[in-house]
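Below is one structure, written out as structure tokens; comments come after it.
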Amino acid sequence: MEATRFRIPVLLLLRLLGSVLVAESAIAFNWGTVSSHRLSPSVVVDLLKQNKIQKVKLFSADPYILKALKGSGIQVMVGIPNEMLQEFASSPVAADAWVRQNVSTYAFKGGVDIRYVAVGNEPFLTSYNGQFQSFVLPALANLQQSLAKLNLAGYVKLVVPCNADAYEGAVPSQGSFRPELSQIMTQLVSFLNSNGSPFIVNIYPFLSLYGNKDFPQDYAFFDGTSHPVMDGANVYTNAFDGNLDTLVAALNRLGYSQMPIVIGEVGWPTDGDINANLTAARAFNQGLINHVLKGYGTPLRPGVPPMDVYLFSLLDEEAKSVLPGNFERHWGVFSFDGQAKYPLNIGTGRRLANAKDVEYLPSRWCVADPSKDLSGVTNHLKLACSVADCTTLLYGGSCNSIGDKGNISYAFNSYYQVLKQDEKSCDFDGFGMVTFLDPSIGDCHFLVGITNANTAVVRVLSIWVWGLWMSVILRLWGCL
Ligand SMILES: *[C@@H]1O[C@H](CO)[C@@H](O)[C@H](O)[C@H]1NC(C)=O
Ligand SMILES: *[C@@H]1O[C@H](CO)[C@@H](O)[C@H](O)[C@H]1NC(C)=O
Ligand SMILES: *[C@@H]1O[C@H](CO)[C@@H](O)[C@H](O)[C@H]1NC(C)=O
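Residue numbers (mature numbering (1 follows the signal peptide of the UniProt record, and there is no 0)): -28 to -1, 1 to 452.
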């Protein structure tokens, strides 16, 4: 509160001095939870607060997360998965129920500051073959009605995070939405506009580089390029601006040149591919943040940077599908346990702080027994890696060169930690053994899991232990 009071005279001063008035973009984060080592939501909320992160985007309306966000003052975007769109498109009653349970419940003083509901996630992705496309607008219409009925429509905005392949253009100024989406996009943008909602887009220069051998590497970053894109009088030196202006041109074409744009996802992974490493991720994210916070905007929108930028992602999610690539589990700016992977200044003037009060399992690891002939363990390795994450072992990963035995140990340990160091999970028919010496080698980190203090399993276990004690006590009592 005090900060805002001081900000006004500063802005006035800037104006009086005739300086450029910089539009303020917020650096925000995506908080995904497809993880086999889930930090407790309250630890994550504390991490957000410590780092002055004021906005987060969720992919669902997880009640445990929302409960932890209560009273935090953090602005939240909750999400509706694509699979639920059909139901909300056809049933106003279902839409009402969702809004009541997942938005309205939290909308009180000291509750959760839900500002946006993301209706679907990249529903127009080409690889979905249009299966969600036709549900988007009817679902929006029903959900909007539900918000209105509950008096939330003025405060909570519906949005649709779009993937960047919804539009195309040989150069940015020629940007337009994909022809088969043109009608839907016209309706969507009109809906967003009449509702005061921004257009949300996910932009991934990393994927451009990953998917195209000829993509000039330096064009993905923000330090200038030997391959600028010339577009009339406009020169593009980074893929992010080029991509964003392609969207701006597509929106201009539909007559919405003023529509605010929010970046729903952008980031760089740190493992699982030759272009995914700590140095590159730090360079990209810091370059992006500095670029956006300077407020220059793009050639087609000078002085107008995106309203908000949601980095992808807050934490690693090592249970995600690797269909898009092995890097998919390594997008976190923080590792699964809330430790900053590299220094990053998100506009606070200092490095990111690590999560506090993380409860780790004991410092022990499962490795391959060095005294055994390991030629017969292939199936164990496969099983371990089908449950736990082994993507760092693959080509381009941080553990790709730790050798045969190293591979086996790494897989055993990943599995052992996912199973919370359960004794039997390090057996592997006698090929595994527990060690108290950290087997990490160079950049290849052998993890120690965390205890999920909040999970149902622990709760059931503690009730069971408590029950055991009670029966012992009762029995002793009976003996007396
Ligand atoms: C609220 O959201 C959660 C999580 O996305 C979902 O499981 C639940 O079904 C939703 N509630 C309703 C009434 O749809
Ligand atoms: C990290 O990724 C960058 C960006 O693509 C690449 O140029 C560099 O060679 C990588 N570094 C290592 C050590 O692999
Ligand atoms: C370890 O496993 C990875 C992934 O399967 C493989 O690329 C690498 O060659 C293996 N190392 C050895 C020494 O077998």
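C-beta atoms are modelled at their ideal positions from N, C-alpha and C, and glycine is treated no differently.
Supposed contact pair residue j and residue i - C-beta distance, whole angstroms, cut 8 angstroms
{"i": "Gly378", "j": "Ile413", "result": "6 angstroms"}
{"i": "Lys27", "j": "Asp280", "result": "6 angstroms"}
{"i": "Val131", "j": "Ala90", "result": "6 angstroms"}
{"i": "Ser76", "j": "Lys129", "result": "So it is not a contact: roughly 15 angstroms between Cβ atoms."}
{"i": "Gly304", "j": "Val15", "result": "With 8 angstroms as the limit, Gly304 and Val15 do not qualify as a contact, their Cβ atoms being about 14 angstroms apart."}
{"i": "Asp401", "j": "His352", "result": "7 angstroms"}
{"i": "residue 477", "j": "Val339", "result": "The structure shown does not extend to residue 477, since the chain spans only -28 to 452, so no value can be given for it."}
{"i": "Phe256", "j": "Leu287", "result": "In fact, because the Cβ distance is near 18 angstroms, the residues do not count as touching under 8 angstroms."}
{"i": "Pro64", "j": "Gln117", "result": "6 angstroms"}
{"i": "Ser180", "j": "Phe171", "result": "About 20 angstroms; that fails the 8 angstroms criterion."}
{"i": "Phe125", "j": "Leu119", "result": "The residue you asked about is not Phe; residue 125 is Ala in the sequence shown. With a Cβ gap of about 4 angstroms, Ala125 and Leu119 count as contacting."}
Counted within 10 angstroms of its Cβ, other Cβ atoms place residue i as buried (16 or more) or exposed
{"i": "Val238", "result": "buried"}
{"i": "Thr218", "result": "buried"}
{"i": "Thr251", "result": "exposed"}
{"i": "Tyr387", "result": "buried"}
{"i": "Met202", "result": "exposed"}
{"i": "Thr270", "result": "buried"}
{"i": "His199", "result": "exposed"}
{"i": "Glu152", "result": "exposed"}
{"i": "Asn334", "result": "Going by the sequence as given, residue 334 is Pro instead of Asn. So Pro334 ends up on the exposed side."}
{"i": "Gln155", "result": "exposed"}
{"i": "residue 453", "result": "Only positions -28 to 452 of the chain appear in the structure, and residue 453 is not among them; the question remains open."}
{"i": "Thr98", "result": "exposed"}
{"i": "Asn210", "result": "buried"}
{"i": "Phe212", "result": "buried"}
{"i": "Leu(-16)", "result": "Its pLDDT being 41, under 50, Leu(-16) is placed unreliably by the model, and the measurement read from it follows with that caveat. So Leu(-16) ends up on the exposed side."}
{"i": "Asp18", "result": "buried"}
{"i": "Met49", "result": "buried"}
{"i": "Ile382", "result": "Note on identity: in this sequence residue 382 is Tyr, with Ile being the wrong assignment. Buried, since its Cβ has 16 or more Cβ neighbours within 10 Å."}
{"i": "Ser293", "result": "exposed"}
{"i": "Tyr176", "result": "buried"}
{"i": "Ala136", "result": "buried"}
{"i": "Tyr88", "result": "buried"}
{"i": "residue 520", "result": "Residue 520 falls outside the range modelled here, since the chain spans only -28 to 452, and no answer is possible."}
{"i": "Gln389", "result": "buried"}
{"i": "Val264", "result": "buried"}
{"i": "Gln146", "result": "exposed"}
{"i": "Ser397", "result": "buried"}
Beta-carbon spacing of residue i, residue j below 9 angstroms
{"i": "His9", "j": "Leu283", "result": "no"}
{"i": "Phe60", "j": "Ala138", "result": "no"}
{"i": "Gly275", "j": "Tyr268", "result": "yes"}
{"i": "Tyr228", "j": "Pro144", "result": "no"}
{"i": "Ala33", "j": "Asn74", "result": "yes"}
{"i": "Arg301", "j": "Asp243", "result": "yes"}
{"i": "Leu391", "j": "Trp337", "result": "no"}
{"i": "Leu57", "j": "Phe96", "result": "no"}
{"i": "Asp341", "j": "Gly404", "result": "yes"}
{"i": "Trp3", "j": "Leu30", "result": "yes"}
{"i": "Ser62", "j": "Ala291", "result": "no"}
{"i": "Val234", "j": "Val173", "result": "yes"}
{"i": "Phe194", "j": "Trp240", "result": "no"}
{"i": "Ala222", "j": "Ser162", "result": "no"}
{"i": "Phe299", "j": "Thr363", "result": "yes"}
{"i": "Arg254", "j": "Leu316", "result": "yes"}
{"i": "Phe1", "j": "Ser343", "result": "no"}
{"i": "Tyr182", "j": "Asp245", "result": "yes"}
{"i": "Leu41", "j": "Val71", "result": "no"}
{"i": "Asp376", "j": "Leu346", "result": "yes"}
{"i": "Gly368", "j": "Asn247", "result": "yes"}
{"i": "Leu366", "j": "Ile374", "result": "no"}
{"i": "Lys21", "j": "Ile46", "result": "yes"}
{"i": "Ser106", "j": "Pro277", "result": "no"}
{"i": "Arg273", "j": "Val330", "result": "no"}
{"i": "Asn249", "j": "Ser166", "result": "no"}
{"i": "Gly319", "j": "Ile261", "result": "yes"}
{"i": "Ala69", "j": "Leu115", "result": "no"}
{"i": "Asn326", "j": "Ser12", "result": "no"}
{"i": "Met231", "j": "Leu324", "result": "no"}
{"i": "Ser54", "j": "Tyr100", "result": "The residue you asked about is not Ser; residue 54 is Asn in the sequence shown. In this structure, Tyr100 lies closer than 9 angstroms to Asn54 by Cβ."}
{"i": "Cys134", "j": "Gly51", "result": "no"}
Considering only heavy atoms of ligand 3, list every residue whose Cβ is less than 7 angstroms from one of them, following chain order. Leu365, Leu366, Tyr367, Asn372, Gly375, Asp376, Asn379
If we require 3 or more residues per run, which beta strand (DSSP E) segments fall completely within the segment 50 to 131? 85 to 91, 129 to 131
Every unbroken alpha helix (DSSP H) inside the segment 228 to 301 [4 residues or more]: 250 to 265
Closer than 5 angstroms between the C-beta and any heavy atom of ligand 1: which residues qualify, listed along the chain? Ser32, Ala33, Ala69, Trp70, Gln73, Asn74
Any residue with its C-beta under 5 angstroms from a non-hydrogen atom of ligand 2 counts. Can you list them all in chain order? Asn247, Asn249, Ala252
Any chance you could list the alpha helix (DSSP H) runs of at least 4 consecutive residues sitting entirely within the segment 349 to 381, in chain order? Correct list: 350 to 359.
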